[in-house]
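Visitor:
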């Protein structure tokens with residue numbers, strides 16, 4: 003593995019869980035997802051939000067979620083709950099604070115300043131949800147606005163609503179927005195998560211959308227039901243064939259140093275192939291390190 007290959011944190015499956023539901027928070031401790039979004043926004047009724055805020059902070063502080071990347075989704079800028087949510091989340095110190103409807107680089111900077119003012123530890127990063135036309139038009143600047151921004155999260159339900167579009171197989175109305183956001187994430191060097199799939203009973207449709215997201219370059223998918231975890235974990239992990247080929251490329255590269263032309267399975271191997279192979283193996287090794295809890 004190259005010394006410059008960054009440590010990889012798997013985010014194949016990131017599950018929304020309502021922080022107002024004590025049973026859901028308990029169940030999340032045994033679900034084999036890579037990440038959790040403890041929700042204070044859409045999944046929580048207005049009168050339940052203060053208690054949910056306390057429950058989410060307590061869950062983060064419990065240390066009972068193992069290797070999962072645990073985040074808290076706060077209510078959006080301009081809502082009556084946002085400021086208190088940000089303070090509570092920052093002080094709880096999750097891996098990330100997920101903020102809905104982040105529309106611009108200026109808002110990213112505002113949110114980072116709020117986290118730092120509230121005393122968020124260095125490991126608590128900003129996860130910005132991209133779910134409006136304004137955000138799509140500014141996503142490149144948004145993604146690169148601050149080093150504390152670590153993840154873009156596609157809010158595809160809200161984006162469909164804002165576009166007056168429809169949910170259709172293949173997601174043709176969203177492809178421009180999805181592709182542009184992946185480009186922005188890669189240019190900025192941040193992770194990006196695909197949006198949710200709404201029909202929890204439609205396994206075939208869900209898996210097809212996971213495959214599409216993986217092919218587009220997403221790191222993983224946000225989920226609304228534990229039954230979706232296994233499919234996302236498998237789809238967003240390198241296949242056995244991909245791992246085998248990555249090892250073969252690296253072995254051929256090492257063996258062929260100084261010979262001028264290096265080939266593997268009859269195909270020329272160049273630096274870009276080596277870098278891709280190293281990335282595949284870094285993902286595979288990070289997933290393997292999760293052990294039996296990986297799902």
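In our numbering, the protein residues as written are 3 to 297. Glycine included, every Cβ here is placed at the ideal spot set by N, Cα and C. The structure presented is a predicted model; accordingly, all values stated were derived computationally and were not measured.
Residue 231 and residue 34 - do their beta-carbons sit closer together than 7 Å?
Guide: For this step, residue 34 is matched to residue 32 along the chain shown. For this step, residue 231 is matched to residue 229 along the chain shown. A contact, by the Cβ cut-off of 7 Å.
Visitor: As a quick exercise: from 22, 55 and 67, pick the residue whose alpha carbon is nearest that of residue 32.
Guide: Locating residue 32 in the chain shown gives position 30, where the first residue counts as 1. Per the Cα distances, 67.
Visitor: Measuring straight from C-alpha to C-alpha, what distance separates residue 24 and residue 57?
Guide: Position 22 of the chain shown holds residue 24. Position 55 of the chain shown holds residue 57. Looking at the two C-alpha atoms, the distance is approximately 8 Å.
Visitor: Using C-beta distances below 6 Å, list every residue in its chain close to residue 288, excluding the 5 sequence neighbours before and after it, in chain order.
Guide: Position 286 of the chain shown, counting from 1, holds the residue named residue 288. Taken in chain order, the residues that qualify are 10 and 12.
Visitor: With a threshold of 8 Å, are at least 3 pairs of Cβ atoms found where one atom belongs to the segment 75-95 and the other to the segment 47-65?
Guide: Yes: the two stretches touch, three or more of their Cβ pairs being nearer than 8 Å.
Visitor: How many Å lie between residue 28 and residue 228 at the Cα?
Guide: Walking along the chain shown from the start, residue 28 turns up at place 26. Walking along the chain shown from the start, residue 228 turns up at place 226. Taking the straight line from one Cα to the other gives about 13 Å.
Visitor: What does a CB cutoff of less than 7 Å around residue 120 pick up in its chain, not counting 5 residues either side in sequence?
Guide: Taking the chain shown and counting its residues from 1, the one referred to as residue 120 is at position 118. Same-chain partners within the cutoff: 88, 89, 92 and 93.
Visitor: Determine the burial state of residue 51: buried for a count of at least 16 other Cβ atoms within 10 Å of its Cβ, exposed for fewer.
Guide: Translated into positions along the chain shown, residue 51 becomes position 49. Buried, since its Cβ has 16 or more Cβ neighbours within 10 Å.
Visitor: Ordered along the chain, which non-local residues of its own chain (more than five positions away) have a Cβ less than 6 Å from that of residue 22?
Guide: The residue you call residue 22 lines up with position 20 of the chain shown. For residue 22, where only same-chain residues beyond five positions count, the Cβ hits under 6 Å are 46, 50 and 54.
Visitor: Just list the residues that DSSP pairs residue 288 with in beta bridges.
Guide: Looking up residue 288 in the chain shown gives position 286. The partner list for residue 288 (beta bridge, DSSP) is empty, contrary to what the question assumes.
Visitor: Enumerate in chain order the residues of its own chain whose CB-to-CB distance from residue 3 is below 7 Å, with the five nearest sequence positions on each side excluded.
Guide: By 1-based counting over the chain shown, the position of residue 3 is 1. Residue placement at residue 3 cannot be trusted, given a pLDDT of 38 that sits under 50; what the coordinates show is reported in the next sentence. So the qualifying residues of the chain are 280, 283 and 284.
Visitor: Report yes if the CB atom of residue 224 is closer than 7 Å to the CB atom of residue 16, and no otherwise.
Guide: Mapped onto the chain shown, residue 224 falls at position 222. Mapped onto the chain shown, residue 16 falls at position 14. Contact flag set, yes.
Visitor: Looking only at DSSP bridge pairs, what is residue 20 linked to?
Guide: Position 18 of the chain shown holds residue 20. The partner list for residue 20 (beta bridge, DSSP) reads 41.
Visitor: Check each candidate in 258, 210, 151 and 173 and name the one with the smallest Cα separation from residue 114.
Guide: For the purposes of this step, residue 114 is taken as residue 112 along the chain shown, with counting starting at 1. Checked all of 258, 210, 151 and 173; the closest Cα to residue 114 is 151.
Visitor: Using the Cβ count rule (16 or more neighbours within 10 Å means buried), how would you classify residue 19?
Guide: Taking the first residue of the chain shown as position 1, residue 19 is located at position 17. When all chains shown are included, residue 19 counts as buried.
Visitor: Residues in the same chain with beta-carbon distance under 7 Å from residue 192, minus the five sequence neighbours each way, listed in chain order, please.
Guide: Position 190 of the chain shown holds residue 192. Excluding residues within five positions, the ones whose Cβ falls inside 7 Å are 145, 151, 152, 153 and 154.
Visitor: Counting Cβ pairs, one atom from each stretch, are 3 or more of them under 8 Å apart for the segment 247-256 and the segment 210-219?
Guide: They do not touch, by the three-pair rule.
Visitor: Need the endpoints of the alpha helix (DSSP H) that residue 233 sits in, please.
Guide: Translated into the one-based positions of the chain shown, residue 233 becomes position 231. Here the alpha helix (DSSP H) through residue 233 covers 231-237.
Visitor: Using DSSP bridges, identify the partner residues of residue 75.
Guide: Taking the chain shown and counting its residues from 1, the one referred to as residue 75 is at position 73. Residue 75 is bridged to 41 and 100.
Visitor: My output table needs one value for residue 85: the three-state DSSP class, helix, strand or coil.
Guide: Indexing the chain shown from 1 puts residue 85 at position 83. Helix.
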